[in-house]
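If you're matching them up, the sequences are chains A and B in order. Per our numbering, residue 13 is the first one in the first sequence, and the count goes up by one each step. Per our numbering, residue 185 is the first one in the second sequence, and the count goes up by one each step. We put the beta carbon where it would ideally sit given N, CA and C, even for glycine. Below is one structure, written out as structure tokens; comments come after it.
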Amino acid sequence: MKIGSHITKSAPVVALVGVCVIAQPLTADAQNAVDPDAQSVLSSMSNYLGGLKDFSVEYVAVDEVVTAEGQKLQFLHSGEITVQRPNKLFAIRKGATGTAEIVLDGKTLTLFAEKPDAYLQFDAPNISAAIGDLHKLGFDAPGADLLEPKPLDNTTADMASGAHIGMTYIDGVEVHQLAFRGADVDWQLWVTAGDNPLPLRFVITTKAVSGAPQYTLQLRNWNTAPDINAARFTFAPPHSAHKLDPSSVSVNAIGDMTIKGK
Amino acid sequence: MSRVLKLTLIVLAFGFFMEAKPISYVLQGLQGSWMSTAEALIGHPATPASAAGVARRTVRRW
């Protein structure tokens, strides 16, 4: 009797576990697998950041490359991004390959490299379109997830589950640590505590690649009321600058771009 | 420096937007377009000629 009772009581539990196991790969209802605390912090951040009309922020980005021999290398670049939603953006990027500027003036996205003195241009009526154009070209802009009108939205982000790991500090600022699991990537986000939740650190782990390389974006000196010079969003090519044809750009095996010679 | 090498330098400086999809990581070895541009990879002196892959920069499901 006791055993039978135990089984009877256990049956719903087993059934529940079974449902969970079966449901795990089905991510259509992914939001349910995200811990409510994690969802709350993520949504607050998304709403606050997405609702900012103007902002600027400094960043350091790390791209990890895994060689065929299994050695992991990190390539760093840094700079500052200034955004005026919905359709203006200025970013500067300094790294081993030189200094580049990215300008979206409301109609046209320009990628300009100072030292080689050349630029690429695309039609882009807003920031989302600019991100989409670049993706079609074969690139994803670092931090693109955070520049969208709804940053890291459940409907577009790869997130089957998520958890609030705990609280910690970055440069003395208290932050929430969130961890999400997706089909292709796992990712972590550190969001400032309080009424103005902003991301300070974003790490994306690419599970499908041997060695699980990570992309890391660190953000600091957020300014949600920047004094923006409108000329910042206008690109005037130097007379000497060479305009490149976007259709001639291709991406090689390690992510560097090449131009097809004419 | 050939035109191709110059153009490669230009494009490397646009690394802000660089990402190759993992699925596209076909090892090219030391031949083909990679070798022709190796000299131009000044900014990445330690970049291997063949790579297993790089990290994605977005969690977005396209």
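With 9 Å as the threshold, decide whether the Cβ of Gly-118 (chain A) is near any Cβ in chain B.
no
Cut-off 8 Å between Cβ atoms - residues of its own chain near Gly-82 (chain A), not counting five sequence neighbours on either side
Ser-222, Gly-223
DSSP bridge partner residues for Tyr-227 (chain A) (one or two, in chain order)
A:Asp-75, A:Ile-216
CA-to-CA distance, Val-238 (chain B) to Phe-87 (chain A), given in whole angstroms
10 Å
Taking the alpha carbon of Ala-136 (chain A) as the reference point, which residue from A:Ile-114, A:Asp-239, A:Asn-59 has its own alpha carbon closest?
A:Ile-114
Show which residues of chain B have a CB atom less than 9 Å away from the CB atom of Ile-216 (chain A).
Ala-239, Arg-240, Arg-241, Thr-242, Val-243
State the Cα-Cα distance for the pair His-251 (chain A) and Arg-105 (chain A), rounded to the nearest angstrom.
Approximately 22 Å between the Cα atoms of the pair.
Give, in chain order, every residue of the region 192 to 212 of chain A whose Cβ lies closer than 7 Å to some Cβ of chain B.
Gly-194, Val-197, Trp-199
Pull up the distance between the alpha-carbon of Glu-126 (chain A) and that of Ala-175 (chain A), whole angstroms please.
Distance between the alpha carbons of Glu-126 (chain A) and Ala-175 (chain A): 43 Å.
Taking only the alpha-carbon atoms, compute the straight-line gap between Val-349 (chain A) and Gln-189 (chain A) and give it to the nearest angstrom.
In the structure as shown, chain A begins at 13 and stops at 274. Residue 349 (chain A) is therefore absent and cannot be evaluated.
Using a C-beta to C-beta distance shorter than 8 Å, which residues of chain B count as neighbours of Gln-226 (chain A)?
Those within 8 Å of Gln-226 (chain A) in chain B are Ala-239.
Gln-200 (chain A) to Phe-214 (chain A) span [Cα, whole Å]
6 Å
Return the chain-ordered list of same chain residues with a C-beta closer than 7 Å to the C-beta of Lys-162 (chain A), the five sequence neighbours on each side being excluded.
Ser-58, Gly-62
Assuming the contact rule is C-beta atoms closer than 8 Å, Phe-245 (chain A) and Phe-102 (chain A) should be a hit. Round their C-beta distance to whole Å, please.
6 Å
Keeping to the same chain, check which residues put their C-beta closer than 7 Å to that of Val-46 (chain A); ignore five residues upstream and five downstream.
Residues of the same chain with a CB within less than 7 Å of the CB of Val-46 (chain A), apart from the 5 flanking positions on each side, are Met-171, Ser-173, Gly-174 in chain order.
Using a C-beta to C-beta distance shorter than 8 Å, which residues of chain B count as neighbours of Asp-145 (chain A)?
Within chain B, no residue comes near Asp-145 (chain A); the closest Cβ sits about 10 Å away, beyond 8 Å.
Taking Glu-76 (chain A) as the query, report the chain B residues whose CB atoms sit under 8 Å from its CB, ordered along the chain.
Val-238, Ala-239
The region 145 to 162 of chain A: which residues have C-beta closer than 9 Å to a C-beta of chain B, in chain order?
Leu-146, His-147, Leu-149, Gly-150, Phe-151, Asp-152, Ala-153, Pro-154, Gly-155, Ala-156, Asp-157, Glu-160
Residue from A:Thr-218, A:Ile-93, A:Trp-234, A:Val-69 whose Cα sits closest to the Cα of Val-243 (chain B)
A:Thr-218
Give me the Cα-Cα distance between Asp-207 (chain A) and Pro-238 (chain A), rounded to the nearest whole angstrom.
19 Å
Could you give the uninterrupted runs of the alpha helix (DSSP H) lying entirely in the region 83 to 154 of chain A, keeping only those of 4 residues or more?
139 to 149
Could you have a look at Asp-170 (chain A) and say whether DSSP puts it in helix, strand or coil?
coil
Presumed contact (8 Å Cβ cut-off) between Glu-76 (chain A) and Lys-84 (chain A), rounded CB distance
6 Å
Name the residue from A:Leu-132, A:Lys-65, A:Ala-80 whose alpha carbon lies nearest to the alpha carbon of Ser-260 (chain A).
A:Leu-132
Going by alpha carbons, who is nearest to Thr-111 (chain A) out of A:Asp-129, A:Gly-118, A:Ala-50?
A:Asp-129
Checking the sheet assignment: what are the DSSP bridge partners for Ser-68 (chain A)?
A:Thr-94, A:Asn-235
Are Leu-159 (chain A) and Val-95 (chain A) closer than 9 Å when you measure CB to CB?
yes
Closest Cα partner of Glu-70 (chain A) within the set A:Pro-249, A:Trp-234, A:Lys-119
Of the candidates A:Pro-249, A:Trp-234, A:Lys-119, the one whose C-alpha sits nearest the C-alpha of Glu-70 (chain A) is A:Trp-234.
Does DSSP put Leu-190 (chain A) in a helix, a strand or coil?
The answer is strand: DSSP assigns Leu-190 (chain A) an E or B state.
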